[in-house]
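Scroll down for the structure; my scribbles are underneath it.
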Amino acid sequence: MPENKYSILLPTYNEKDNLPIIIWLIVKYMQESKIDYEVIVIDDGSPDGTLEVAKQLQKIYGEDRILLRPRASKLGLGTAYIHGIEHASGNYIIIMDADLSHHPKFIPQFIDLQKSNNLDVVSGTRYSGAGGVYGWDFKRKLISRGANFLSQLLLRPNASDLTGSFRLYKKEVLKELISRCKSKGYVFQMEMIVRARQLGYTVGEVPISFVDRVYGQSKLGGSEIVQFAKNLLILFATT
Ligand SMILES: Nc1nc2c(ncn2[C@@H]2O[C@H](COP(=O)(O)OP(=O)(O)O[C@H]3O[C@H](CO)[C@@H](O)[C@H](O)[C@@H]3O)[C@@H](O)[C@H]2O)c(=O)[nH]1
Numbered sequence: 001m002p003e004n005k006y007s008i009l010l011p012t013y014n015e016k017d018n019l020p021i022i023i024w025l026i027v028k029y030m031q032e033s034k035i036d037y038e039v040i041v042i043d044d045g046s047p048d049g050t051l052e053v054a055k056q057l058q059k060i061y062g063e064d065r066i067l068l069r070p071r072a073s074k075l076g077l078g079t080a081y082i083h084g085i086e087h088a089s090g091n092y093i094i095i096m097d098a099d100l101s102h103h104p105k106f107i108p109q110f111i112d113l114q115k116s117n118n119l120d121v122v123s124g125t126r127y128s129g130a131g132g133v134y135g136w137d138f139k140r141k142l143i144s145r146g147a148n149f150l151s152q153l154l155l156r157p158n159a160s161d162l163t164g165s166f167r168l169y170k171k172e173v174l175k176e177l178i179s180r181c182k183s184k185g186y187v188f189q190m191e192m193i194v195r196a197r198q199l200g201y202t203v204g205e206v207p208i209s210f211v212d213r214v215y216g217q218s219k220l221g222g223s224e225i226v227q228f229a230k231n232l233l234i235l236f237a238t239t
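Going by full-length UniProt numbering, the first residue of the sequence shown is number 1, and it counts up by one from there.
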């Protein structure tokens with residue numbers, strides 16, 4: 001049987017300070033665990049020069065390990081994932097934020113859990129077991145908890161962290177889920193898990209520590225929250 005390969009998708013928008021650290025950590029943990037991998041950076045025309053930094057990192061770690069799949073302008077997180085998957089050569093896809101809130105040390109744990117249970121999806125959870133959130137102010141914690149509570153109530157997905165985005169998928173499963181998901185914005189992450197459950201795919205969870213970014217800014221604003229509430233209700237009505 002051919003060896004497994006893991007394609008790690010890193011969507012970036014203004015992450016020039018975080019990118020060298022996250023990529024260094026990914027390389028470290030993948031090498032230590034002897035896991036075959038590639039990192040795909042999907043930068044959306046970041047004005048801070050993220051792509052130039054990514055090009056330097058490609059020179060350091062090699063073009064077979066660090067792939068650049070930039071787009072000219074900010075087209076959003078959901079379509080960035082789709083763009084990355086189109087270029088992924090791995091049979092497994094790992095999706096994570098590039099801002100250091102998702103620590104690469106959890107990747108081998110995701111892989112171990114997937115392998116030992118042949119799971120279709122492994123989702124990082126901040127709201128179960130040893131999982132947690134560090135560095136958020138009260139308002140941001142309330143938004144995240146509120147969003148999770150509301151979605152648990154409406155969708156009953158049997159998953160403890162619906163809004164998180166640190167996940168591992170079998171590539172074929174991810175492609176099918178994407179083809180069925182209609183949500184845009186932050187609700188997209190949620191719909192992926194809901195659809196996975198509906199289609200009978202197996203979902204496991206790994207508790208993760210989510211640490212708020214030190215460099216740069218979150219792209220979550222008031223309009224995203226309003227959009228989230230609207231899209232959640234649409235998802236509720238259509239599932
Ligand atoms: N290519 C691309 N990347 C983007 C874009 N918008 C954001 N990103 C990248 O996507 C990652 C997450 O973006 P943030 O803006 O830092 O996310 P957040 O508001 O902190 O939200 C996080 O938490 C949410 C809920 O807990 C999650 O739902 C969300 O996916 C993310 O993990 C970062 O790597 C960021 O650079 C975009 O339009 N295009």
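By construction, the Cβ of each residue, glycine as well, lies at the ideal position given by its N, Cα and C atoms.
Under DSSP, Tyr169 forms a beta bridge with Ile93, Val121.
With a 10 Å radius around the Cβ and a threshold of 16 neighbouring Cβ atoms, Tyr6 comes out buried. Partner residues in the beta bridge of Phe210, as assigned by DSSP, are Val133. Taking 8 Å as the cut-off, the Cβ atoms of Arg195 and Leu177 count as close.
Taking Phe228 as the centre and dropping the five residues before and after it, the same chain places the C-beta of Ala147, Gly185, Tyr186, Val187 closer than 7 Å to its C-beta, in chain order. Distances between the C-beta of Ser183 and the heavy atoms of ligand 1 are all 7 Å or more. Our two residues, Arg156 and Arg69, have alpha carbons roughly 36 Å apart in a direct line.
Using a 10 angstroms sphere on the CB of Gln31, the tally of other CB atoms stays under 16, which defines it as exposed.
The DSSP-derived three-state label of Thr12 is strand. By the C-beta criterion, the stretch 114-123 is judged to be in contact with the stretch 197-213, since at least 3 inter-stretch pairs fall below 8 Å. For Gly78, the secondary structure class from DSSP, reduced to helix, strand or coil, is helix. Your pair Tyr61 and Ile23 checks out as a contact, with CB atoms roughly 7 Å apart and the cut at 8 Å. Linking Pro11 to Gly129 through their CA atoms gives a straight-line distance of about 28 Å.
DSSP places Ser46 in the coil class of the three-state scheme, outside both helix and strand.
In this structure Leu233 is exposed. Its beta-carbon is surrounded by fewer than 16 other beta-carbon atoms within 10 angstroms.
Relative to the Cα of Ser89, the nearest Cα in the group Ile95, Thr125, Glu38, Lys139 belongs to Glu38. Exclusion of Glu52 from the 7 Å shell around ligand 1 follows from its C-beta lying no nearer than that to any non-hydrogen atom of the ligand.
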